[in-house]
Structure formats: C-alpha cells, structure tokens
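Worksheet for the structure shown next.
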Amino acid sequence: MSRLTLASLALLTGLLSVPSIQAQPAVQRGPQGEFGCEVQKGNPCQGRVDFNAGKSFEFKIPGPGDVTFENKGNKRCVLEYSITESTLAATGRQLSLGPGQNQVLAVRDAGGMVIRFFNRGIGSTTCDLTVGLS
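As numbered in the numbering used here, residues 73 to 206 make up the sequence shown, in order.
Structure representation (structure tokens):
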C-alpha cells in the first residue's frame with residue numbers, strides 16, 4: 073500500500089510541476105498590423121491610414137448601399153486594395169484621391185463587402201480617410 077501511495081505522490085508531484093511551467097508569462101508580441109473598422113449607416117469610419125503603424129487596414133461594409141471613400145487630408149492619396157463580396161473577389165486595385173475628392177462604390181447585396189488597403193510600395197504611406205455608407 074505504501075508503494076501505491078509513493079507512486080501516487082510521485083505522479084501527483086509530476087503533474088503539479090507541469091502547470092507551473094505553463095504558467096510562466098508568454099513572450100509579448102507586438103501588433104500584427106491588422107486594423108479594422110466596421111462601417112455603419114450614419115456612423116462612418118474616419119482617421120489616418122498609416123502603413124508605418126500597420127501592414128493593412130480592413131473595412132467591413134454591410135450592404136446593400138453605397139460606400140464613399142473621401143480624402144480628408146491635404147495631399148493626394150494612392151491606396152492599393154483588395155475587395156471581397158459575395159460575387160467578386162479581386163486584388164491589386166488602386167484608389168487615387170486628391171485632397172477633398174471622394175469615390176463611391178456600390179455594395180450590391182446584403183452580404184456586404186470587405187475592403188483591405190495594403191502597401192506594396194506603390195501607393196501613399198499615409199492617408200486621412202473617411203469611409204461612409206449611404
């Protein structure tokens with residue numbers, strides 16, 4: 073009986089030491105650069121798209137409706153993007169807006185769309201942008 077107790081104690085001690093190893097703090101990782109915003113009617117997303125702070129910027133847009141991208145800054149914005157919706161998926165597109173200019177895209181159905189801006193060195197590194205839905 074004492075062998076069983078010693079074996080149980082050894083097993084229990086081994087099991088208790090495993091969580092103490094796992095409980096040590098994990099290595100902290102920096103942000104991965106995925107920033108997002110969900111656009112709603114009457115509640116636009118606005119701010120600076122800054123590729124020095126993130127690798128890509130994603131906007132989720134419900135449908136149907138029209139989404140408006142407006143350059144609120146004082147310099148031209150050239151942004152590369154990919155688009156995904158229920159009937160279309162494309163990448164390598166470009167949005168070019170002068171100061172104060174806007175561009176409207178149709179969101180065709182209730183599935184909505186996802187627009188992801190990214191930088192491969194061709195476009196602007198920063199852009200003051202407002203994304204609204206009507």
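A virtual CB, placed ideally from N, CA and C, is assigned to each residue, including glycine.
Is residue i helix, strand or coil by DSSP?
i: Glu142; result: strand
i: Ser196; result: coil
i: Ser212; result: Past the edges of the chain, shown from 73 to 206, lies residue 212, and the structure says nothing about it.
i: Gln118; result: strand
i: Lys113; result: strand
Starting from the Cα of residue i, find the closest Cα among the options and give me that residue.
i: Leu169; options: Met185, Ser196 and Ser158; result: Ser196
i: Gly137; options: Pro171, Gln118, Val176 and Thr202; result: Val176
i: Gln118; options: Glu110, Gly184 and Arg165; result: Glu110
i: Glu152; options: Ile187, Ala125, Ser206 and Lys113; result: Ile187
i: Arg148; options: Gln173, Arg120, Ser206 and Ile194; result: Gln173
i: Gln166; options: Ile194, Thr156, Ala125 and Asp200; result: Ile194
i: Pro116; options: Ala125, Thr140 and Phe123; result: Thr140
Roughly how many whole angstroms lie between the Cα atoms of residue i and residue j?
i: Lys127; j: Asn191; result: 7 Å
i: Gly204; j: Glu142; result: 8 Å
i: Asp181; j: Lys132; result: 13 Å
i: Thr159; j: Glu130; result: 19 Å
i: Val121; j: Asn146; result: 14 Å
i: Thr163; j: Met185; result: 13 Å
i: Ala161; j: Gly183; result: 13 Å
i: Ser206; j: Ser154; result: 21 Å
What does residue i pair with, by DSSP beta-bridge criteria?
i: Arg180; result: According to DSSP, which records beta bridges pairwise, Arg180 is partnered with nothing at all.
i: Gly186; result: This sequence places Val at residue 186; Gly is not what is there. Lys132 and Thr156, per the DSSP bridge assignment.
i: Asn124; result: BP columns for Asn124 are empty, so no partner.
i: Gln175; result: Phe141
i: Thr163; result: Answer is none; Thr163 lacks a bridge partner.
Does the beta carbon of residue i come closer than 9 Å to any beta carbon on chain D?
i: Phe123; result: Protein chain content of the structure displayed is limited to a single chain, and chain D is not contained in it.
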